[in-house]
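Written below as structure tokens is the structure these notes are about.
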Amino acid sequence: MLMQPIIYQIYPKSFQDSNHDGIGDLKGIEQRLDYLKDLGVTMLWLNPIYKSPQVDNGYDVADYYQIDPSFGTLADFKALVAAAHERGLKIIMDFVMNHTSDEHPWFKEALKGADNPYHDYYLWQTAPSGQLPNNWASFFGGSVWEPVGHNEYYFHLFDKRMPDLNWHNRKVRQEMVKIAQYWLNLGVDGFRLDAFIHIVKADFKQNVITAKKGPQIAEEYYANLPLVQEYLEEFISELKQLKPDLFIIGEAASAEVSLGFDYTNPKRDLCDTVVTFRYFKEKPSPDLPALARQTLDLVHLKTELSKWQQGLGLGALPTLYWNNHDLPRVLSRFEVSSEAKEKLAKSLAVAMYLQRGIPCIYYGEELGLESLELKTVEAYQEKLELKQALAAGYSQNQIEAKLPLKYKMAARTPMPWDDTKVHQGFSDATPWLETKEKAPVTVTAQLHRADSCLSAYKQLLALKKTPLFTAGQEIILPSAEDLVVFERQLNNKRALVLANLSAKSQSFKGEFIPQTCVFKTGEYQVDKQEIRLAAYSSCVFINDEEEA
Ligand code: GLC
Ligand code: CA
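For what it's worth, our numbering labels the leading residue of the sequence shown as 28, then goes sequentially.
Put into structure tokens, the structure is as follows:
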């Protein structure tokens, strides 16, 4: 049986501060392990905690062997791993393999010139004066090429302070294995591979063929190239020699299901599961693109999930998630009244996590936390087209209220623990990221309320761990746009799961409605073959075995 963890993603900066500096840290996480155990998750994924100048919140690593001092020490990390393991919780680290920080010693050496042994750790090109080596665009805006001196450029797919590594260089591949082995030897249980689909690039002479001027996103030349699989397999098989049961979740943002199959093929040493961003497509909006709420296309989501359920190799599982640190929080992607938010949050959890696959829950989601408005516009850390929005007639206040619907930093706000404490118990100092208002939800307010979002998550995760929901086959059924309906089947056991994600009541006619409702959020009625669900309600029916 494959390992089927329930993952909880911790954004360490925002989880719990323990030393009064307003920045979450490792000791803080350790203090909250009992909460996580009680929630029912089984594996923690920490966003990067390595030494970093924090240009991209830790994804710019300056030293892979050190903990960033803002998070604590190596001793704190060892203590955290031990304390997690004592509670049966596994820990996986974010593994940043596509690039380093420009402050990494390798890059500092590489800059010294072509004859430096580290020069070939990175990617370089020359171009005639006034030209760029090609027209590929960086994901963070502008060209992938940054000039250094004499017509020479280095390649960066993300920020210019994050130069890409040259994976064709065997030494780079060996260094990466060494780093991963180091952390495995310290007891970590696996990795989340950051941006691994980008480690191989095409011939730099190629251009995106277009009549448009300026740099262009060039996925065909820097994402999912076939050689990625070779390097990935080499990397993971080396690690498996040290830790045969390590768990690997790969970030495969643009991968569609056939690549998902390749990256998780159980016959090879590759990922256990991958996170695709293809589930989520936005509905068109009349707002300016920069300010538009990213309203989800739910038909698209159901279609994609269905493909991923069917298209992976035998035994391989899709990831199930609504949120992560790169997306606006899912509640902010729905237009929903503030009274109904908690209901919707519960229904969303049912719709996603009882499907076949590996849940990946983003901290605070279990409370129904949404993206929050940040105190300053600068805190969004993005290029915002404010001038354009002002010119289109939006007021400054209107614009600011819309920013959390779109930008990722608003999904990285401090965890709201306790409504009776200053800064909601996250820290007694001013948090590193300040919001205009307090989060309307906290752990203490929900812990002992039987119908809270937090309580629903706990019950749901307990149900998720039963054989029907881990091993059962899945069939997603056609239903109204914002109604999610699926069946799970294992031998004679059958479950029918329904989740209404809309503000109106919805009904579903089924051929087979199992007898017993084992879990519900909100209200429903059954009339023969028809189930009627109240707004934002969900329910799970299971048969008595002889019923089947
Ligand atoms: C991944 C991370 C994102 C980061 C990028 C560069 O996509 O999730 O937060 O900016 O990689 O490392
Ligand atoms: Ca701290």
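Positions of the beta carbon are idealized from the N, C-alpha and C atoms, including for glycine.
Residue i CB to nearest heavy atom of ligand 2 below 7 angstroms
i: residue 45; result: yes
i: residue 51; result: yes
i: residue 48; result: yes
Sheet register partners of residue i (DSSP bridge)
i: residue 275; result: 218
i: residue 524; result: 513, 567
i: residue 559; result: 534, 552
i: residue 543; result: 569
Within 8 angstroms, strictly: CB atoms of residue i and residue j
i: residue 406; j: residue 446; result: no
i: residue 245; j: residue 225; result: no
i: residue 484; j: residue 397; result: no
i: residue 294; j: residue 211; result: no
i: residue 296; j: residue 333; result: no
i: residue 437; j: residue 443; result: no
i: residue 172; j: residue 160; result: yes
i: residue 329; j: residue 511; result: yes
i: residue 344; j: residue 385; result: yes
i: residue 215; j: residue 120; result: yes
i: residue 486; j: residue 500; result: no
i: residue 5; j: residue 186; result: The requested residue 5 does not occur in the structure, where the chain is confined to residues 28 to 575.
i: residue 462; j: residue 369; result: no
i: residue 287; j: residue 339; result: yes
i: residue 149; j: residue 178; result: no
i: residue 360; j: residue 323; result: yes
i: residue 377; j: residue 493; result: no
i: residue 283; j: residue 221; result: no
i: residue 341; j: residue 491; result: no
i: residue 78; j: residue 93; result: yes
Cβ neighbour criterion (16 or more within 10 Å) applied to residue i
i: residue 199; result: buried
i: residue 637; result: Residue 637 cannot be examined here, being either before or after the span of the chain that is shown, 28 to 575.
i: residue 527; result: buried
i: residue 213; result: exposed
i: residue 524; result: buried
i: residue 39; result: buried
i: residue 131; result: buried
i: residue 440; result: buried
i: residue 236; result: exposed
i: residue 28; result: Here the model assigns residue 28 a pLDDT of 43, short of 50, so the residue's position is not dependable, and the following value carries that caveat. Under this definition residue 28 is an exposed residue.
i: residue 174; result: exposed
i: residue 36; result: buried
i: residue 364; result: exposed
i: residue 285; result: exposed
i: residue 539; result: exposed
i: residue 47; result: exposed
i: residue 253; result: exposed
i: residue 49; result: buried
i: residue 325; result: buried
i: residue 565; result: buried
i: residue 97; result: buried
i: residue 258; result: buried
Heavy atom of ligand 1 within 7 angstroms of residue i beta-carbon
i: residue 352; result: yes
i: residue 185; result: yes
i: residue 278; result: yes
i: residue 129; result: no
i: residue 438; result: no
i: residue 250; result: no
i: residue 290; result: no
i: residue 563; result: no
i: residue 171; result: no
i: residue 123; result: yes
i: residue 222; result: yes
i: residue 83; result: yes
i: residue 86; result: yes
heavy atom of ligand 3 below 7 angstroms from residue i C-beta
i: residue 300; result: As far as ligands go, the structure on display features ligand 1 and ligand 2 and does not contain ligand 3.
request  = Counting only runs of 4+ residues fully inside the stretch 424 to 504, write out the alpha helix (DSSP H) ranges in chain order.
outcome  = 470 to 474, 480 to 491, 494 to 498
ask   = Residue ranges of each beta strand (DSSP E) run of no fewer than 3 residues wholly in the stretch 323 to 409, ordered along the chain?
value = 385 to 389
request  = Within the stretch 111 to 188, note down every full beta strand (DSSP E) run reaching 3 residues or more, in order along the chain.
outcome  = 117 to 123, 151 to 153, 172 to 174, 179 to 182
query = Taking only runs of the alpha helix (DSSP H) that begin and end inside the stretch 37 to 74, which ones reach a length of at least 4 residues, in chain order?
reply = 53 to 58, 60 to 66
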